[in-house]
Structure formats: structure tokens, C-alpha cells
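Structure first, commentary second.
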Amino acid sequence: MSVLENLEPKEVFHFFEEICNIPHGSRNLEQISAYLVSFAKERNLEVICDDALNVIIKAPGSKGYEDKEPVILQGHMDMVAVKEDDCDIDMAKEGLRVKTDGEYIWADGTSLGGDDGIAVAYILALLDSNDIPHPPIEAVITTNEEIGMLGATELDLSMLKGRKMINIDNEKEGEFITSCAGGGTFYSEIAIKREKVSGIKCKIEIAGLKGGHSGEMIRHGRGNADILCARTMLEAMDEAELHIVDFNGGFADNAIPFASMATVIIPEKDIEKVRESVAQTQENVKGELDIKDPDVSISFTEVGKAEEDCIDKESAGKFLKMIISMPNGVLAMSAAIEGLVETSVNIGIVKTTEDMAQTVQSLRSSVGSSKEMLIRKLETVAEAFGAKTYITGEYPGWKYRRTSELRDHMVAVYKELYGKEPVLQAIHAGLECGIISNKIEDLDCISIGPDMDDIHSAKEKLSVQSAKNVWEYLKAVLEKF
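Counting from 2, one number per residue, gives the positions in the sequence shown under my numbering.
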């Protein structure tokens, strides 16, 4: 039985639930891409699937719209797949456990993937319909957007005729995004050695933080679990002997890490010193984050006597000190647009392997030269601690167009439907509009979407009424072209 079958618009939520039933976290997109190809073939629509699993579907205009200029509808098929610690779903193999109370939709114990599953659902509902007036549609559904817009980077769009694109990857109804920041993913890696150490095996764990999208939420100054875990261990090392077995936190470079954990070996004589140090760090951190992240917790748990291969003292010290020395958070605010973050960086992932310790950071700036300076700054800090660095997934910003036929059209339709102006917004997060604009000359684009809260987290939820509103608005925009 369908969980969402009684919600309106039925056609949209039908496809949204089908998408939720298919595992589609970043880098795990074979099934969802094949589903989209099958959808198109079953309806005799032209479809292209490239080596990166991006899918392009073309549909002719409805009756009376056959000769109109095509409109590009664009979204991404991957989601940030995260879950609560006690959730037993294997998100690489299983679908989501979708829930609704009629007002919101969420997934039990995991992220929902409304970002950007709702875009794909809108597109499929339009392509499946026989009675919605619309110009020819060129649907572009990309892969691995959440890990650096990798699919969009690989896209060949030379076959597209449209020069107006509606990106459906915003999370606020009534807000039209008209430009965005550029960015990339920055890696720092320190080679480590290991040595056998005996003592009491313990866990240091950071939990209770809000996390969130590192573009949209970075301005709130929320706690970063990876930095807090490194700080906790360094402060304990000031008082006692502590050896790191492993240190892992975060799940995506573009998500503020809400949890992080380290396994350590401590001499029995130093256990109380470390326990007291961790307690003091927690007290300090709770005071610092009292308003921004009041539920933060730092726990210290004894596991038992053990002998483990630990990271040698020199490597561990360099790694922890590098983490707390790295720039993190908001680095500059825009002078041109009040309230807009101009430049930021987020340590999203920390992990250790047998012979390497790594940080992965998402960097963003709406000013190209500031982005380059930030990269140099990160390289300088990392190299000072003996780390090797590299950057992947660099993407350009999306520049605001002073004149835009698409923007004028969409604003006019919005005013006609709702009797008020939409909010025109520039954002600090990255969107595929920047990459695609660089591939299609003179592309005119706007980004829209329904209300979603806490994306990229297990608290994510999608507003049912807002999803319906945006559906009705999107249909009106297409009908009035």
C-alpha cells in the first residue's frame, strides 16, 4: 500500500514515493538512472543516458504548443543518504521508510531526499501527463550533485535547443534564486605510522549537533563535530597520555558534521585525567554553543583493556593541530547583498585509515579571486603540517543576469497567481545552474522549489502544501509560455 496515495497532487507524490523506494545516495545511482531511462522508453520519449548516468529526456509540446521554444527542466537524482545511529536501514540497498501526517513528509530514521527527489517527481509527472499544457520539454536529470556536481560537469548538452532553464533545487517556496556561489572540494592527507600500544580502550564521541547544509546553514555558526572532537583530544593530551586508534566524523563535505567519534588507548593511570579533561571541554563547548547548538554532548566511554595499532604521536599531533588550525565557517560577508555569505569553508569529513589521515572540506565563494585565495590559504595550513592536498569538483558561480525574459515571465505568473512579488535571491550554496550556464551560451535560468527543512539530515521534511503550491505554479508557468 502506498503511504502517500491520499496526498495531493497524487501524480507528483506517486512518483516521489517510487523514487524513495529506490536507493539513490550519491555514487549509488545505477538503479535510479535505469528507472528514469525505463520511464522514458515506456512512454516512447527520446532519452539519452551518458557514461556518468545523467539522463536527458525530451518530450514534444502539447497540442497548440508544438512550435514553442523548448524549456529545460533540471534537477538531480542523487540524495545525501544519512541516517540516525540506531537506524537499521542499509541505504545502499534499501528504500526509505516514508512517513506523513498529511502536513509533512519525512523518512523514518533517515534523510528523505526531497533535495532533489521532488524535482524529479515534478518532471516525471509532467512528462507522464496527457492534459497539462506545456511547450517542448528537455528534462536534464544529473548525477552526484551532492558530492561536487560531478554529473553536471560531465554533461554534453549540445543536443539541447532550449535557452531557458528552470532548475528545481531550491528549498523555499516563493523564493527565486538568480545567482549562486562557486566552489569545490578540498582534500588534505597526512601519511601516518602506527605503533602497538596497550592500555584502556575508550571512545570519545561528539553528538547532538544540528548539522545542516554547509551552504545554507553555515551562517548560523553551528558546531562542527569534527573540530570539536579534535579539540577534545588535544585538550586531553595537554593533561595525559592519549593514543588514537581511529578518528572518523561527518558524511559529506557539504554537510556540517553533527557527529564524530574517536577510539583511543589511554594508560590506566591517566583515565581520570582524561575523563576530567573531556568533562571540562564539554562544559566549555556547551557555554560557547548555548544558543547556536544547545544539545551538543561530548561523551567519554571506557571499553576495556586492549592492545591496538595506534597512530604515532607525531602524526596524531600534526593531524589534530591541522584540523583546529584550518579556516572554518563564514570567512566573509557580501558587501553588495546584505545578509549573503560571500566566502566560507566547512570541514565536512575526517577519517583515518591504516596509513593515512584525511580531512575533506567544502569551499565556496561568490567572488572568484576570493575562492582562489581561500584555496591557497588551505594549502598553506595543510602543508605546514606535512599534508598533501588536492581539489576536486570545482564549479563556477552563476552570475546574476540584469535582463532576463525567464525571470520576468516567472515573476509575472507568480504575481498573477498570488497577488504579490516573489523574493529574488542570491545564495551561498552551489547550484548546477553555474556549470550548465557555462555549457549553453546565453542560458537564462531560475531556481525554484517547495519548502523543505533540515535537508541533508535525518530530520529532513517536505511540506505537502508547499509541494502542491509549487506544482500548480510550475504548471501555470509552462502553460503561459
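Glycine included, C-beta positions come from ideal geometry on N, C-alpha and C.
Taking C-beta atoms as the reference points, Gln-32 and Ile-437 fail to come closer than 8 Å. For the set Val-478, Val-471 and Leu-479, the Cα lying nearest the Cα of Val-13 is the one of Val-471. The count of Cβ pairs closer than 8 Å, one atom from the region 177 to 184 and one from the region 92 to 100, stays below three, leaving the stretches out of contact. By the criterion of a C-beta distance shorter than 7 Å, Gly-387 is surrounded in its chain by Ile-191 and Lys-319, once the five residues flanking it on both sides are discounted. Positions of the alpha helix (DSSP H) runs, each at least 4 residues long and wholly inside the region 219 to 262, are given as 226 to 238 in order along the chain. Counting only the Cα atoms, Ile-348 lies some 7 Å from Thr-360.
For the pair Leu-407 and Tyr-415, the Cα-to-Cα distance works out to about 12 Å. If you check the CB distance, Pro-137 and Gly-65 do not come in under 8 Å.
Straight through space, the alpha carbons of His-410 and Gly-213 are spaced by roughly 33 Å.
With a cutoff of 8 Å on beta-carbon distance, Gly-110 and Lys-69 are scored as not near each other. Nearest to Glu-480 by C-alpha distance, out of Ile-449, His-135, Ser-39 and Thr-344, is His-135. A direct Cα-to-Cα measurement between Glu-343 and Glu-309 gives close to 45 Å.
For the pair Leu-210 and Val-297, the CB atoms are nearer than the 8 Å cut-off. In this chain, the beta strand (DSSP E) harbouring Asn-347 covers 342 to 353. Under DSSP, Asp-445 takes part in a beta bridge, and its partners are Lys-165. Cβ atoms of Ile-449 and Ile-119 stay farther apart than 8 Å, at about 11 Å. Within the same chain, Lys-194 and Glu-196 come within 6 Å of Asp-313 by CB-CB distance, once the 5 residues on both sides are set aside. Using a 10 angstroms sphere on the CB of Ala-226, the tally of other CB atoms reaches 16 or more, which defines it as buried.
Judged by DSSP in its simplified three-state form, Leu-5 adopts coil rather than helix or strand.
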